[in-house]
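Quick note: the sequence shown uses our numbering, first residue 219, plus one each step.
Positions of the beta carbon are idealized from the N, C-alpha and C atoms, including for glycine.
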Amino acid sequence: MLDVKDDLDKIIDLSIQLKKKNKKGEKTHELSGKTLGMIFEKSSTRTRVSFEVGMEKLGGHALFLSKNDIQLGRGETIEDTALVLSRYVDLIMYRAMSNKAMKDLAKFSSVPVISGLDDKEHPCQVVTDLMTIKEHKGKLRGLSFVYLGDGKNNMAHSYLLGCGIAGVDCTIVSPKKYWPDPYYVDEAKKFGIKVTITDSVKDCTKGADVIATDTWVSMGDEAQKEIRMKEFKGYTVTEEMMKQANSDAIFLHCLPAYYGYEVTKEVAHGPQSVIFDEAENRMWAQMGIMVTLMRSV
Ligand code: CP
Ligand code: NVA
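Given below as structure tokens:
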């Protein structure tokens, strides 16, 4: 998120414009002849499909590279993978097990690397979510955002940074054990927004414009599933909580969702939910990101 802090407004506006143009049937082949390499070390529905189709809409081509099918999975180094792929492709998207691997790939690549999620951050999703909020609310600055659930996962961390950059007050409601890494809280505060970290669910959505959650068991946390289900009890986003928020509040979830746990199906598929606009916007936001990156190289 911090890498796009000076370009965020521009990316969001470009993404909205690309969406409008495509819906009108206009061609947006700005990346004609360009190739995106997509390395996946974890599963994906949205990230894979939205990048692949998005690249096609820009006139380019995307390659799906599952870790198990490339030599990275057999011990070739990140450094050599980056150096080699940089000779073939114009952009790399990486869904990594660790933030360290993400940073290493970016360090050794001579082409831009886009994070498609790691254990610490999920920036493309948060750029998308800010775009979705802007579409629904017409603005970002001054809004109040409340996230419930796992405060220590990639979404919570990227929300803190994204809210900071966009000027949105950010509340994270999570059991103490799952409070965000202090680095992300400190970085968010540097933008001058109001940051609240609390374990108190009572009245937590009062005055909120946007309510979000994410799975209690992220990819990589599966071994802790049982204990997490117990520890997050009470942090489910319910219709009651939505009623306490501002009457025009919207609900976000990056998906995949587990109904009855982090959110009820009634909320997720209810009138205030915009989760499928959000899922669609992954494609438009990532097109905005790719075009912005390729214009700057
Ligand atoms: N939200 C998201 O990144 O979904 P996928 O894991 O399906 O890519
Ligand atoms: N926090 C979730 C996001 C999935 C898109 C995970 O890392 O599994």
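For the ligand NVA, a non-hydrogen atom lies closer than 8 Å to the CB of M373.
Listed in chain order, the non-local C-beta contacts of G438 below 8 Å within the same chain comprise K260, M315, D337, local neighbours out to five positions each way being set aside.
Closest option to W502, judged by alpha-carbon separation, among E353, E457, K412, F326: E353.
A Cβ-Cβ contact shorter than 9 Å links Y453 with V419.
M459 carries a helical assignment under DSSP once its states are collapsed to helix, strand and coil. In the structure shown, the three-state DSSP call for V515 is coil. F269 places its beta carbon 9 Å or farther from that of A300. When only Cα atoms are considered, M460 and F494 end up about 18 Å apart. A direct Cα-to-Cα measurement between H247 and V455 gives close to 41 Å. Residue side-chain check: R292 keeps its Cβ at 8 Å or more from all non-hydrogen atoms of the ligand CP. Annotation for H487 indicates a beta carbon at 8 Å or more from all heavy atoms of the ligand CP. Per the C-alpha coordinates, the member of M349, W397, P393, K395 positioned closest to C381 is M349. Per DSSP, reduced to three states, the secondary structure at D495 is helical.
Non-local C-beta neighbours of A280 in its own chain, meaning closer than 7 Å and more than five positions away in sequence, comprise L254, M256, F269, E270, M273, ordered along the chain.
Per DSSP, the beta-bridge partners of I257 are L283, Y312. Between the ligand CP and L470, a heavy atom-to-CB distance of less than 8 Å is absent.
In this chain, the beta strand (DSSP E) harbouring A430 covers 428-431.
Here the alpha carbons of I411 and K223 stand approximately 14 Å from one another.
By the beta-carbon neighbour count (other beta carbons within 10 angstroms, threshold 16), Q504 is buried. With a threshold of 16 other beta carbon atoms within 10 Å, R313 meets it and is buried. V267: member of the alpha helix (DSSP H) spanning 264-275, first to last residue. Shortest Cα-Cα distance from Y401 to any of D421, N371, G385, V428 involves N371. Distance from D427 to Y396 at the Cβ level is roughly 24 Å; contact not present, criterion being Cβ atoms closer than 8 Å. Here L366 is bridged, per DSSP, to V391, T431. Proximity of the beta carbon of D399 to the ligand NVA is not indicated: no heavy atom of the ligand is located closer than 8 Å. Contact check between the stretch 429-447 and the stretch 464-480: three or more CB pairs, one atom from each, fall below 8 Å, which counts as touching.
For the pair L276 and K245, the Cα-to-Cα distance works out to about 8 Å.
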